[in-house]
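As C-alpha cells, the structure follows; a few thoughts come after it.
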Amino acid sequence: MSDVAARELRIVGFLCNWCSYGGADTAGVSRFKQPTDLRIIRVPCSGRVDPLFIVKALLNGADGVLVSGCHPRDCHYTDGNFYARRRLEMLKRLLPFLGIDERRFHYTWISASEGGKWQQTVTDFTKRVHELGPLHAKKEATP
Amino acid sequence: MISQRLREAIAGVFSEVDVALAYQQGFDKLHATPCFMTMPEEINKLIWNPLCVHNLTSYLPSLKKKKVAVVVKGCDSRTIVQFMQEGLINRENVVIIGIPCNGVISVNKVLHETNHEPIEDITFGENGEITVKTLKGEKTLLLSDVCPDKCKTCQYPTPIVYDRLVGDPITSDKSPDSVYADIKEFENKTLEERLQYWEQEFDRCIRCYACRNACPMCICQDSCIAETRDPHWISQRATLSEKFMFHMIHALHLAGRCVECGECERACPMGIPVNKLKRKINLDMKELFGYEPGIDPEDKPPLYTFKVDEVTIKEHKI
Amino acid sequence: MADTGFVQKEKLNDFLNELSKDAVVYAPCLEGDTVIFKAFDSGTTLCLDRPANNPPKLVVFPQSETLFSFKYKKDAEDPRKMSVELEANTDFPRAIIFGARPCDAKGFRIYDSVYIDTNTPDPYYKGRREKTMIATLCCSAPSPGCFCVAVGGGPAHREGSDVLITQLEKGYFIEPVTEKGRAILNVPRIEDGEQYAEEAHKRQLESHDLVRNPFAEDGQPKISRALFDLDEFWEHVVSKCLSCGACTYLCPTCYCFNITDEQALNNGERIRSWDGCMFSHFTLEGSGHNPRPTKFKRFKNRVGHKFLYYPEKYNGVIACCGCGRCIRHCPVSVDISEIVSYLRGPRFEFTNEPPESMGTDTNSQEQKQ
Ligand code: SF4
Ligand code: SF4
Ligand code: SF4
Ligand code: SF4
Ligand code: FES
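Residue numbers (this note's numbering), protein chains in the order written: chain A, 276 to 418; chain B, 231 to 548; chain C, 20 to 388.
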C-alpha cells in the first residue's frame with residue numbers, strides 16, 4: 276500500500292455550501308489532521324453539480340473527484356440532493372464503461388456539524404485515490 | 231403494396247397539414263432521402279422500402295408551429311412519445327402515419343458486403359432477401375445480416391403511437407434480453423481495454439456535429455454547450471480530451487432520454503459508435519428506475535424526477 | 020535517372036516505410052470500416068480501394084493549429100504594467116500525402132489561390148504546403164456521388180499533384196508531375212517504370228467516361244442568378260438539411276476557419292481551427308444578430324461560395340472538385356450536384372421530377388453524347 280504522504284495527487288471536491296463545506300470548515304477549526312490533495316470548489320447545493328463537472332475534472336487532470344451534499348431530506352433547497360443522487364449514481368455506473376475506475380469518484384452526504392465524518396471521508400478517499408495512482412500518467416499533456 | 235397504401239394514406243390527410251414528411255429515392259440506388267411534401271403532385275415521388283432508414287420525427291420540434299404529417303416506423307414512434315413526455319411537440323399538430331416495420335438496411339453494412347462498389351441496383355424480396363447489383367456482379371444478402379443493430383433486437387416493430395396505420399401490426403419475436411447483450415458483453419472487457427477502445431474511436435471524431443444535429447432528442451442544437459464560448463466547456467483544439475468531452479456532453483445530456491433510434495451513429499461520417507454510451511445509460515436507468523424512454527407518454531425521464539427513498543440506490547462506502 | 024518509376028504490389032509497404040524515413044507520410048488507412056488519412060506507420064492498415072472518408076486537407080490545413088503562444092509578464096519595476104511575449108513557429112516538418120485522389124489534389128489548388136497567391140500569403144498554410152509532396156492515386160472507377168468531370172477534373176487529372184500513381188495488375192506506376200515530385204524516383208525500392216508507361220496511360224483514360232456529369236456538357240455549370248436569389252428555391256431543396264457541418268468538414272475545398280484564444284492565467288495560445296458556413300455560429304455577430312439565421316441561407320452560401328462567388332473572384336474556377344464526399348456522407352443525402360443542376364434555371368418547376376440527365380443513375384455515358 277502506498278504512503279498517503281507521498282507525491283500529492285489532484286483531487287477535486289465539489290462541496291455544498293450549506294453543509295459539507297461547513298463540515299470541512301468544522302474539521303479545520305477543530306484542527307483535525309487531513310491530507311492536502313483535495314481542492315475544494317464550493318457550490319450552492321449538490322443539485323448544482325452537473326455530472327459533466329466531474330467528467331471535465333477527470334479528463335483534464337484530476338485523479339479523483341469527491342462530491343458531498345446535505346443529507347437526504349436536509350437540502351437547503353428541499354430536493355436538490357435528491358436530483359443529485361440520481362445523476363451521480365448514473366455517472367458512477369457510467370465511468371467504468373468508459374474505462375475509468377469508479378473508485379476515483381465518490382459522492383456522500385456530510386452535514387456542517389460532522390467535522391469528524393468529513394475528516395474520515397477525505398482521509399479514506401485520498402488514500403484510495405493514492406492506491407489507484409495518477410489517472411493521467413501516460414495520457415496526452417493537458418493544456 | 232405498402233408504398234401505394236402509404237401514398238393513399240398521405241393523400242387522405244394532405245389537406246389537413248402544411249407539410250408531409252416521407253421518403254423518396256436519394257442520389258443513388260442505395261439511398262433514400264427525406265422529402266418534405268407541400269404539393270399533392272409530390273406524393274407520387276414517395277417510396278417505402280428498407281432504404282427508409284431516417285428518423286423523420288427529428289424534424290418535428292423545428293416544425294412545431296406547423297401542421298405536419300409524418301411517416302414513422304416502430305422505432306421512430308418512440309421519439310414522438312419522448313417528445314410528448316418532454317413537451318417538445320404539440321401532439322394535435324402532428325398526424326402520425328405509422329408503418330409496422332420488418333427492419334431497414336444499414337447502408338454501411340451493405341457497402342461492406344459489396345466491397346464498397348457503387349450499387350447499380352438493389353431489390354427487396356418478400357422474405358428479407360436483398361439482391362444487390364454492382365459492376366462486379368450480383369449478390370444476395372439477408373436483411374437480417376445487413377440491418378442496423380437496433381433492428382436485430384427491435385421490441386417495437388409496430389409504432390407505439392399513430393393516427394393511421396399502414397399495414398398489419400407486427401409483434402416482435404426478439405428476446406427482450408438481447409437488447410443490451412452487446413453492452414453487457416462490452417463490460418467483460420478490462421478497464422484498460424475499455425479506455426483504449428473509446429480513445430481510439432473518439433480520436434477519429436472531427437466534431438462535425440452530425441451526430442448531434444441528427445439526434446431528435448438533442449434539443450439545444452445551435453445553443454449546444456459544445457460550441458459556446460461562455461460557458462466555455464471545450465475549446466476548438468482537436469485533442470483527444472476535447473473530443474472525449476464532447477461525447478460526454480452528448481451522452482450525459484441524453485441520459486435517460488435517448489430513444490435508441492441510432493440516428494447519431496448512422497449520421498457519423500467517421501464510423502464512431504456514438505450510440506453506445508447512451509445505451510449503457512439506458513440500461514442503468516432501466517435497472518435503477520424501471521424506466522425505458524419513449525414508451526409511455528405519461529412517464530417522466532428519470533433524471534427529471536426523484537423519490538425520497540431510492541430503494542435501488544445504495545450508499546457508497548469508501 | 021529514369022523519368023517514371025514502378026513499385027511492386029507486395030513492396031508497397033516497404034516503399035512507404037522508406038518514404039517515412041525523412042517525411043511524415045499521410046495515407047488512407049482502415050479503421051474499422053472507415054478509411055481515414057493519418058500518419059502511416061507499421062501499425063496502420065493501408066486502404067487504397069476507395070476514397071478516404073475524410074480528405075487529406077488536414078495535412079496542410081490542420082483541424083486545429085496554434086498560430087502563436089503568448090505570455091503576459093509583469094514589469095519588474097512597475098507591477099501595474101504588463102508586457103506580452105509572443106512566440107510563433109512556422110517551421111514545419113516535411114510531409115508526403117500518399118494516395119490522395121485527383122479531386123483531393125485539385126482541392127489544394129483552390130486553397131492556394133486564397134492562401135498563397137495573394138499579397139498577404141498565409142505563412143502557416145504556405146509553410147506546410149511547400150514542405151508537402153502530394154502523390155495522387157488515379158481513380159480506376161468513380162465512387163457513389165463522384166462528379167469530378169463536371170467541374171473540370173477527372174479520374175487522372177494532374178492539377179495539384181506532384182506525383183501521379185496508377186494502379187496496375189502487378190503494382191504501382193509512378194510518374195512525377197512537378198519538379199518537387201521527381202524526388203520520389205530517388206527513393207529505394209523503386210524500379211524504372213518505363214515498361215509500364217503505356218499500360219498506365221491507357222488505364223488512366225478508362226474511367227473518365229464512367230463518371231457522371233450532372234451539369235452542362237462543357238463541364239461548367241450555369242447558374243441562373245434569378246433562381247439563385249429566390250428564397251423559395253432554397254427552402255424547397257434543403258428543407259431536409261440538418262445544418263450539421265459534416266459536408267464542410269469533409270470537403271477538400273472548404274477552407275474557412277475560426278480563431279480563438281485559449282488562456283490560463285497569464286499564458287495562452289491563439290488557435291486557428293476549421294469552421295464552416297453550415298454552422299449557425301459561423302455568422303453569429305457579437306450583438307447577437309445573425310445575418311444567416313436559417314439553414315436555407317447557410318446552404319445558399321455554401322453553394323454560392325463554391326459555384327458563384329469563388330469563380331467570380333478567381334478566373335471562373337469552381338471551388339468544388341466533385342469528390343462527392345458531401346453527398347456520400349451527408350446523413351440525409353443532400354446532393355449538391357443535383358441542386359446546382361436545378362440552378363440552371365431560369366425557373367424551377369417545384370412540382371417537377373428532376374430533369375432526366377441528373378437523376379439517380381451513376382453512369383452518365385448517354386448524357387455526354
Ligand atoms: S458525427 Fe461523428 S465525427 Fe461528427 S461530431 Fe459526431 S461523432 Fe464526431
Ligand atoms: S442519442 Fe442517438 S440513438 Fe439516442 S435519440 Fe439521439 S440520435 Fe437517437
Ligand atoms: S447538407 Fe448534409 S452534411 Fe451538410 S449540413 Fe446539411 S445535413 Fe449536414
Ligand atoms: S462540395 Fe462536396 S463534392 Fe464538392 S468538393 Fe466539397 S465535398 Fe466534394
Ligand atoms: S443545499 Fe446542500 S445539497 Fe442542496
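Backbone N, C-alpha and C define an ideal beta-carbon position, used for all residues, glycine too.
Does the beta carbon of residue i come closer than 8 Å to any beta carbon on chain B?
i	result
Q384 of chain C	For Q384 of chain C, the predicted model reports a pLDDT of 31, less than 50, meaning its position is unreliable and no value from the coordinates is stated.
D33 of chain C	no
H300 of chain C	yes
F289 of chain A	no
R363 of chain C	no
R403 of chain A	yes
T417 of chain A	In this prediction, T417 of chain A has a pLDDT of 42, which is less than 50 and means its spatial position is unreliable; nothing more can be read from the coordinates.
F328 of chain A	no
H324 of chain C	no
For the beta strand (DSSP E) holding residue i, just list the boundary residues, first then last.
i	result
G344 of chain A	G339 to G344
D181 of chain C	No beta strand (DSSP E) contains D181 of chain C, which DSSP labels as neither H nor E.
P371 of chain A	Not the beta strand (DSSP E): P371 of chain A falls in the alpha helix (DSSP H), residues G355 to L373.
G287 of chain C	N286 to W293
Y191 of chain C	G190 to P195
C291 of chain A	I286 to C291
Closest to residue i by CA distance: which of the options is it?
i	options	result
M101 of chain C	C:Y91, C:T109 and C:A107	C:Y91
L2 of chain C	C:E106, C:R347 and C:L327	With chain C covering only 20 through 388, there is no way to say anything about residue 2 of chain C.
L236 of chain B	B:M314, B:K275 and B:K259	B:K275
H261 of chain B	C:P121, C:G364, C:N36 and C:V351	C:V351
L479 of chain B	A:P326, A:I286, A:S321 and A:K308	Checking the sequence, you will find Ile at residue 479 of chain B rather than Leu. When only C-alpha atoms are compared, the closest one is A:P326.
F328 of chain A	A:L363, A:T396 and A:R368	A:L363
N32 of chain C	C:I135, C:Y191 and C:G287	C:Y191
L156 of chain C	C:D97, C:P98, C:L67 and C:Y134	C:L67
K303 of chain B	B:L507, B:P499, B:I543 and B:G492	B:G492
P74 of chain C	C:E357, C:C339, C:I355 and C:Y329	C:C339
L421 of chain B	A:F307, A:T396, A:V340 and A:R368	A:R368
K40 of chain C	C:R69, C:V206, C:T197 and C:F80	C:V206
F10 of chain C	C:N286, C:E225 and C:A265	What the structure shows of chain C is the stretch from 20 to 388, and residue 10 of chain C is not part of that stretch, so it cannot be assessed.
M264 of chain B	B:I273, B:L395 and B:A252	Looking at the sequence itself, residue 264 of chain B is Pro, so the reference to Met does not match. Nearest option by C-alpha distance: B:A252.
K325 of chain C	C:G343, C:L303, C:C273 and C:M297	C:C273
Within a Cβ cutoff of 8 Å, which residues of the same chain sit near residue i, ignoring the five residues on either side of it in sequence?
i	result
G358 of chain B	N332, G333, L372, L373 and S374
P409 of chain A	L284 and D338
T109 of chain C	P142, Y143 and G146
P406 of chain B	Q385
Using beta carbons (cut-off 8 Å, strictly below), is residue i in contact with chain A?
i	result
K510 of chain B	yes
S514 of chain B	Here residue 514 of chain B is Asp; the residue named in the question, Ser, does not match the sequence. Yes, its Cβ sits closer than 8 Å to a Cβ of chain A.
K471 of chain B	The question names Lys, yet the displayed sequence has Ser at residue 471 of chain B. It does; some Cβ of chain A falls within 8 Å.
Could you please give the first and the last residue of the uninterrupted alpha helix (DSSP H) stretch that includes residue i?
i	result
T396 of chain A	G390 to L407
M267 of chain B	Looking at the DSSP string, M267 of chain B is not in any alpha helix (DSSP H); the run it does join, the beta strand (DSSP E), is A262 to M267.
A119 of chain C	Taken as a continuous stretch (DSSP letters only), A119 of chain C belongs to no alpha helix (DSSP H), being part of the beta strand (DSSP E) at A114 to A119.
K199 of chain C	E198 to R201
H255 of chain C	D250 to V257
T301 of chain A	S295 to V304
P142 of chain C	P142 to E149
D280 of chain C	Here D280 of chain C belongs to no alpha helix (DSSP H); instead the beta strand (DSSP E) covers F276 to A283.
E423 of chain B	L421 to D433
Can you list, in chain order, the residues of its chain whose CB lies under 6 Å from that of residue i, leaving out five sequence neighbours each side?
i	result
P225 of chain A	Outside the displayed span of chain A (276 to 418) sits residue 225 of chain A, for which this structure offers no information.
T53 of chain C	N72
G24 of chain C	I193, L204, I209 and G212
K473 of chain B	F432 and C435
Which residues in the same chain as residue i place their Cβ atom closer than 7 Å to its Cβ, once the five residues preceding and following it in sequence are excluded?
i	result
A21 of chain C	L204, D211, G212 and E213
D351 of chain B	K259 and K363
W293 of chain C	Q82, Y268 and F276
With a threshold of 8 Å between beta-carbons, can residue i be considered close to chain C, or not?
i	result
F257 of chain B	yes
R467 of chain B	yes
- Task: Report the residues of the segment 349-365 of chain A with a CB closer than 7 Å to any CB of chain B, ordered along the chain.
- Result: Residues D354, F357, Y358, R360, R361, R362, E364 and M365.
- Can you give me, in chain order, the residues of the segment 417-431 of chain B that have a beta carbon less than 9 Å from any beta carbon in chain A? Residues passing the 9 Å Cβ filter: E417, K419, T420, L421, E422, E423, R424, L425, Q426, Y427, W428 and E429.
- Message: Tell me which residues of the segment 484-512 of chain B have at least one Cβ-Cβ distance to chain C shorter than 7 Å, keeping chain order.
- Response: Cβ contacts with chain C: R496, A497, P499, M500 and G501.
- Query: Using a beta-carbon distance cut-off of less than 7 Å, what residues from the segment 259-284 of chain C approach chain B?
  - Reply: For the segment 259-284 of chain C, which is checked against every Cβ of chain B, the residues closer than 7 Å are K259, L261, S262, C263, G264, A265, Y268, L269, N277, T279 and E281.
- Anything in the segment 291-314 of chain A with a Cβ closer than 8 Å to a Cβ of chain B? List those residues in chain order, please. Within the segment 291-314 of chain A, no residue places its CB atom closer than 8 Å to a CB of chain B.
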